[in-house]
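Peer 1:
In UniProt numbering, the protein residues as written are 1 to 282.
1. Measuring straight from C-alpha to C-alpha, what distance separates residue 129 and residue 197?
2. Quick check on residue 85: does DSSP put it in helix, strand or coil?
3. DSSP three-state call for residue 196: helix, strand or coil?
4. Determine whether the beta carbon atoms of residue 212 and residue 144 lie at a separation below 8 Å.
5. Quick one: measure Cβ to Cβ for residue 31 and residue 159, integer angstroms, because I've assumed they're closer than 8 Å.
6. Could you tell me which residues DSSP pairs with residue 133 in its beta bridges?
7. Based on Cα-Cα distance, which residue from 60, 265, 224 and 230 lies nearest to residue 253?
8. Taking the beta carbon of residue 148 as the centre, do at least 16 other beta carbons fall within 10 Å, making it buried, or is it exposed?
9. Spell out whether any CB of chain B is found under 8 Å from the CB atom of residue 241.
10. Run through the region 143–216 for me and flag every whole alpha helix (DSSP H) of 4 or more residues, listed as ranges in chain order.
11. Going by DSSP, which residues form a beta bridge with residue 112?
12. What's the call for residue 154, buried or exposed, on a 16-neighbour Cβ count within 10 Å?
13. When you compare only the Cα positions, how much space is there between residue 209 and residue 57?
14. Residue 174: buried (16+ other C-beta within 10 angstroms of its C-beta) or exposed?
15. Could you spell out where the beta strand (DSSP E) holding residue 228 opens and where it closes?
16. Does the structure place the region 238–246 close enough to the region 179–189 that three or more beta carbon pairs sit under 8 Å?
17. Rounded to a whole number of angstroms, what is the C-alpha to C-alpha distance between residue 228 and residue 262?
18. For residue 103 and residue 187, I'd like the C-alpha separation in whole angstroms.
19. Which class does residue 37 belong to by DSSP, given the choice of helix, strand or coil?
20. Hey, could you find the ends of the alpha helix (DSSP H) residue 17 is sitting in?
21. Please report the Cβ distance between residue 264 and residue 14, rounded to the nearest whole angstrom; I am assuming they are in contact, meaning their Cβ atoms lie under 8 Å.
22. Using the C-alpha atoms, what's the distance from residue 132 back to residue 55?
23. For residue 68, I'd like the list of residues in its chain whose CB is within less than 6 Å of its CB, leaving aside the five on either flank, ordered along the chain.
24. Can the beta-carbon of residue 122 be found closer than 8 Å to that of residue 35?
25. For residue 161 and residue 107, what's the separation of their Cα atoms in angstroms?
26. Can you tell which of 84, 116, 74 and 87 has the C-alpha that lies nearest to the C-alpha of residue 100?
27. Could you check where the alpha helix (DSSP H) with residue 119 kicks off and where it finishes?
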């Protein structure tokens, strides 16, 4: 099958970027897992707010650990350790738009909340009680770039989408072991020494390597690489993004933007059908 040429879109219509994430072939719950570094939690809640505003019933959780979100009238918090009771309590929820944040328990030592296992999240998807399940499936200790350790990431196997993040400030920066999570793994994977430039060839390797940015992605899941954060060189990066998408047919799209800004997605590089490409610019 021929692969269509990449299309680069500037300031795309956000509905046309995000709404296709919910369009499953079987019409059931969509499970989206986030991994990598550079704003996973912010992206998780940005997506949750968007889909909730679209009238969706959204479950947010983690397959690892994360800090409790700040109290919000938009979100209901459920902490339940027993896997059977998790399923039962979710099954009993009203069928209406909501954001439910689910954790198994709190780790008092770290101050973080521990989420269900990836297998339990797959069971929650199978209930079909939510339109969207959003999972933070990785940790990065607040750093902007990482390589996964042996036990990372923890991606549920029924994930429909995997979004791998990197902080935009790392593109073109010099490799600093203090700024990269899992430096030993990153160095071994990418073949880079401290002080060397983090260029596009390196990110090409990180995307392509089976132990890299998309490690553990289920075979049927679609992949999005998201360069997230504030930066000044984005216009210079656009030819490189097109080249990366051409080199990686396994990628559905590359997003570039900053979820903390009002216009969260600045550029999208993708391979949509012609009519979809037109709708993205409307």
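Glycine included, every Cβ here is placed at the ideal spot set by N, Cα and C.
Small disclaimer: the values here were computed from a predicted structure and weren't measured.
Peer 2: Per the coordinate set shown:
1. As a position in the chain shown, residue 129 is number 129, starting the count at 1. As a position in the chain shown, residue 197 is number 197, starting the count at 1. Between residue 129 and residue 197, the C-alpha separation is close to 46 Å.
2. Working through the chain shown from its first residue, we reach residue 85 at position 85. Three-state DSSP puts residue 85 in a helix.
3. In the chain shown, the residue the question calls residue 196 occupies position 196. Residue 196: coil per DSSP, three-state reduction.
4. Stepping through the chain shown from its first residue, residue 212 is reached at position 212. Stepping through the chain shown from its first residue, residue 144 is reached at position 144. Not in contact: residue 212 and residue 144 (Cβ atoms no closer than 8 Å).
5. On the chain shown, residue 31 is found 31 positions in, with the first residue counted as 1. On the chain shown, residue 159 is found 159 positions in, with the first residue counted as 1. About 5 Å; that satisfies the 8 Å criterion.
6. On the chain shown, residue 133 is found 133 positions in, with the first residue counted as 1. Partner(s): 31 and 59.
7. Position 253 of the chain shown, counting from 1, holds the residue named residue 253. Of the candidates 60, 265, 224 and 230, the one whose C-alpha sits nearest the C-alpha of residue 253 is 224.
8. Working through the chain shown from its first residue, we reach residue 148 at position 148. Residue 148 should be labelled buried.
9. No chain B appears in the structure shown, which is made up of a single protein chain.
10. 183–190 and 200–208
11. In the chain shown, residue 112 corresponds to position 112, counting from 1. The partner list for residue 112 (beta bridge, DSSP) reads 67 and 107.
12. Position 154 of the chain shown, counted from the start, is the residue given in the question as residue 154. The residue in question, residue 154, is buried, as its Cβ has 16 or more Cβ neighbours within 10 Å.
13. On the chain shown, residue 209 is found 209 positions in, with the first residue counted as 1. On the chain shown, residue 57 is found 57 positions in, with the first residue counted as 1. If you take the alpha carbons of residue 209 and residue 57, they lie about 35 Å apart.
14. Numbered from its first residue, the chain shown carries residue 174 at position 174. Exposed.
15. Here residue 228 refers to the residue found at position 228 when the chain shown is read from its first residue. Per DSSP, residue 228 belongs to the beta strand (DSSP E) from 222–228.
16. no
17. Position 228 of the chain shown, counted from the first residue, corresponds to residue 228. Position 262 of the chain shown, counted from the first residue, corresponds to residue 262. Answer to the nearest angstrom: the Cα atoms are 13 Å apart.
18. If you number the chain shown from 1, residue 103 lands on position 103. If you number the chain shown from 1, residue 187 lands on position 187. Each residue's Cα considered, the two are about 33 Å apart.
19. By one-based count along the chain shown, residue 37 stands at place 37. Residue 37 falls in the coil class under three-state DSSP.
20. Locating residue 17 in the chain shown gives position 17, where the first residue counts as 1. From DSSP, the alpha helix (DSSP H) with residue 17 extends over 14–18.
21. Residue numbering aside, residue 264 sits at position 264 when the chain shown is read from its first letter. Residue numbering aside, residue 14 sits at position 14 when the chain shown is read from its first letter. Right, the Cβ-Cβ distance comes to about 7 Å (below 8 Å), so this counts as a contact.
22. For the purposes of this step, residue 55 is taken as residue 55 along the chain shown, with counting starting at 1. For the purposes of this step, residue 132 is taken as residue 132 along the chain shown, with counting starting at 1. Cα to Cα, residue 55 sits roughly 11 Å from residue 132.
23. As a position in the chain shown, residue 68 is number 68, starting the count at 1. Closer than 6 Å at Cβ, skipping near neighbours: 113.
24. Residue numbering aside, residue 122 sits at position 122 when the chain shown is read from its first letter. Residue numbering aside, residue 35 sits at position 35 when the chain shown is read from its first letter. No. Outside cutoff.
25. On the chain shown, position 161 is the one that residue 161 refers to. On the chain shown, position 107 is the one that residue 107 refers to. Answer to the nearest angstrom: the Cα atoms are 28 Å apart.
26. For this step, residue 100 is matched to residue 100 along the chain shown. Residue 100 has its Cα closest to that of 74, out of 84, 116, 74 and 87.
27. Indexing the chain shown from 1 puts residue 119 at position 119. That run of the alpha helix (DSSP H) goes 118–127.
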